[in-house]
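Position one of the sequence shown corresponds to residue 10 (the working numbering), numbered consecutively onward.
Glycine is no exception: its CB is placed at the ideal position from the N, C-alpha and C atoms.
Values in this document were obtained by computation on a predicted structure and should not be read as measured data.
Presented below is the structure to which this report refers.
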Amino acid sequence: MSADRDTKLGFATRSVHAGYNSSDFEGALNPPIVMSSTFAFDNVAQGAGRFSGEESGHFYSRISNPTQAVLETRLADLEEGEAALATASGMGAITATLWTLLAPGDQLLVDKTVYGCTFSFMQHGLQKFGVNICFADFTDPEDIQAKLTEQTKLIYFETPANPNMRVIDIAAVTALVKAYNPTIKCMVDNTYCTPALQRPLTLGADIVVHSATKYLGGHGDLIAGAVVADAETIEQIRMYGLKDMTGAVIAPLNVFLILRGIKTLQLRMERHCQNAQAIADMLDQHPDVDQVFYPGLKNDPWHLIASQQMDDFGGMIALELKGGYEAAVKLLNKLKLAKLAVSLGDAETLVQHPASMTHSTYTLEERGEHGITEGLVRISAGLEAVEDIIADLEQGLAD
Ligand SMILES: *Cc1c(COP(=O)(O)O)cnc(C)c1O
């Protein structure tokens with residue numbers, strides 16, 4: 010079949026085919042891994058044309074590569090965006106984008122809970138270069154409204170937020186910001202959901218970023234990232250943030266592995282969601298558990314918004330034990346099947362302690378202000394038999 014973009018085809022179909030036409034590669038059903046740093050020109054005029062952008066075609070793999078181009082077309086298709094850029098890591102995608110779009114004097118308005126290194130880059134990095142970082146509670150429209158200024162250039166959030174699972178209403182927040190000033194760019198980190206569960210560009214966002222290390226790759230065997238946006242923005246990020254400022258170029262082998270991962274994205278997400286729901290239901294009933302943060306629970310404060318903007322509730326859960334930090338440490342040290350490890354979206358169930366691990370880039374006071382409690386435990390529900398995951402958590406919680 011033709012792999013031309015066609016949004017009328019189902020998500021699973023596009024996950025397998027979009028952006029790739031096997032007849033361009035002697036019928037090979039999987040794209041070749043093009044291991045070439047440079048690409049030969051027929052003549053000087055062609056080389057000059059490729060450098061100036063007047064002629065399409067690859068010329069150096071810090072800018073683009075044929076294997077990478079397949080992944081970029083596929084991701085743009087799945088996120089329903091115009092274009093995409095694949096990068097060496099999620100942080101590579103986030104930093105290349107923000108370095109490209111922000112300048113000294115600009116205000117960057119950020120939700121109060123974001124991934125630890127994203128926070129660190131903004132608060133401890135960008136701020137040094139004259140960008141004004143301002144945090145707001147994006148679940149509260151009045152707080153956003155109060156913090157928008159003439160200098161606001163970009164707003165940034167995750168939903169559900171890593172690690173505490175706050176859910177932000179993408180359509181409401183982007184509408185509010187665009188009503189204030191339509192030129193403000195709205196950027197969403199869609200790592201937790203992937204386009205299989207949530208497509209922020211269809212809800213009013215301008216830019217989506219991913220850590221492809223997580224569900225997109227899906228097998229815990231690589232580090233990668235991506236940005237999806239309109240073609241002009243992607244071209245700017247590619248030619249400035251990627252090429253000159255970060256050099257965060259993805260390796261063609263990793264591109265291949267992500268393309269392979271994406272073929273089963275929807276299947277995997279279905280099972281991650283089913284397992285997470287069953288784990289959250291068990292934890293919610295457990296006498297030693299104080300609170301479970303999972304939007305699939307009917308009593309979760311974000312259940313309604315999540316039902317509206319997500320196709321399912323995702324594979325990530327957070328919880329707080331009645332015994333606080335000490336009880337959390339005891340649980341983590343007792344788990345046998347679930348691995349004590351950062352990262353998420355792997356086949357293995359991964360459990361970690363944000364305050365001492367992924368979110369230790371926040372100081373203790375910053376964690377307090379940003380809603381990341383010291384006793385919080387984060388679970389990435391894996392693809393194992395759910396009764397085995399539940400049995401492991403139950404033995405971990407038992408005295
Ligand atoms: C892991 C993660 C990142 C960073 O991605 P890397 O691939 O580790 O660089 C960014 N955002 C979220 C939500 C993440 O979970």
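Just to confirm, are residue i and residue j a CB contact at a threshold of 7 Å?
i	j	result
Gly-125	His-362	no
Thr-76	Val-264	yes
Ile-42	Pro-261	yes
Gln-160	Gln-116	yes
Leu-385	Leu-340	no
Ser-46	Ala-37	no
Arg-175	Thr-122	yes
Arg-83	Ala-27	yes
Leu-185	Pro-209	no
His-379	Gly-324	no
Gly-229	Ser-98	no
Val-237	Ala-85	yes
Leu-206	Ile-267	no
Gln-317	Gly-305	no
Phe-166	Phe-144	no
Ser-24	Leu-212	no
Leu-118	Ile-177	no
Ala-299	Glu-329	Reading the sequence as shown, one finds Asp at residue 299 and not Ala. In contact: Asp-299 and Glu-329 (Cβ atoms closer than 7 Å).
Phe-128	Thr-370	yes
Arg-387	Ala-327	yes
What's the call for residue i, buried or exposed, on a 16-neighbour Cβ count within 10 Å?
i	result
Ala-12	Here the model assigns Ala-12 a pLDDT of 47, short of 50, so the residue's position is not dependable, and the following value carries that caveat. Buried.
Glu-88	buried
Met-10	Below a pLDDT of 50, predicted positions are generally treated as unreliable, and Met-10, at 42, falls in that range; the measurement from the model is reported next regardless. By the 10 Å Cβ count, Met-10 comes out exposed.
Asn-173	buried
Phe-138	exposed
Asp-355	buried
Met-248	exposed
Phe-302	buried
Ala-188	exposed
Asn-342	exposed
Gln-136	exposed
Pro-113	exposed
Phe-60	exposed
Lys-17	exposed
Met-100	buried
Ala-364	buried
Asp-51	exposed
Ser-65	exposed
Thr-203	buried
Could you check what DSSP says for residue i in three-state terms: helix, strand or coil?
i	result
Phe-166	strand
Val-338	helix
Arg-387	strand
Gln-300	strand
Asn-3	With the chain covering 10 to 408 only, the question about residue 3 has no answer from this structure.
Val-258	coil
Thr-203	coil
Val-395	helix
Asn-263	helix
Gly-270	helix
Arg-284	Sequence check: residue 284 is Asn here, not Arg. DSSP places Asn-284 in helix when its eight states are reduced to three.
Ile-439	The structure shown does not extend to residue 439, since the chain is modelled only from 10 to 408, so the question has no answer here.
Phe-138	helix
Ile-232	coil
Ala-221	coil
Phe-48	coil
Glu-159	coil
Glu-329	strand
Phe-144	strand
Leu-351	Residue identity differs from the one stated: residue 351 is Val in this sequence, not Leu. Residue state, collapsed to three classes: coil.
Asp-253	helix
Tyr-124	coil
Gly-405	helix
Ser-11	Note on Ser-11: pLDDT 46, under 50, position unreliable in the model; the coordinate value appears next. In this structure, Ser-11 counts as coil in the three-state DSSP scheme.
Thr-382	coil
Notebook entry, point to check: Taking contact to mean at least 3 C-beta pairs separated by less than 8 Å, is the segment 333-352 in contact with the segment 172-182?
Noted result: no
Below 8 Å, can you find three or more Cβ-Cβ pairs linking the segment 401-408 to the segment 337-354? yes
#### Entry: Touch test, the segment 194-205 against the segment 215-225, Cβ-Cβ under 8 Å, three pairs minimum
yes
Q. Around ligand 1, which residues pass a check of Cβ closer than 7 Å to any of its heavy atoms?
A. Ser-98, Gly-99, Met-100, Gly-101, Ile-103, Tyr-124, Cys-126, Thr-127, Glu-167, Asn-171, Asp-198, Thr-200, Tyr-201, Ser-220, Ala-221, Thr-222, Lys-223, Ile-232, Ala-233, Gly-234, Ser-352, Leu-353
For this session: Check whether the segment 91-105 touches the segment 242-251, taking contact to mean three or more Cβ pairs, one atom from each stretch, closer than 8 Å.
Result: yes
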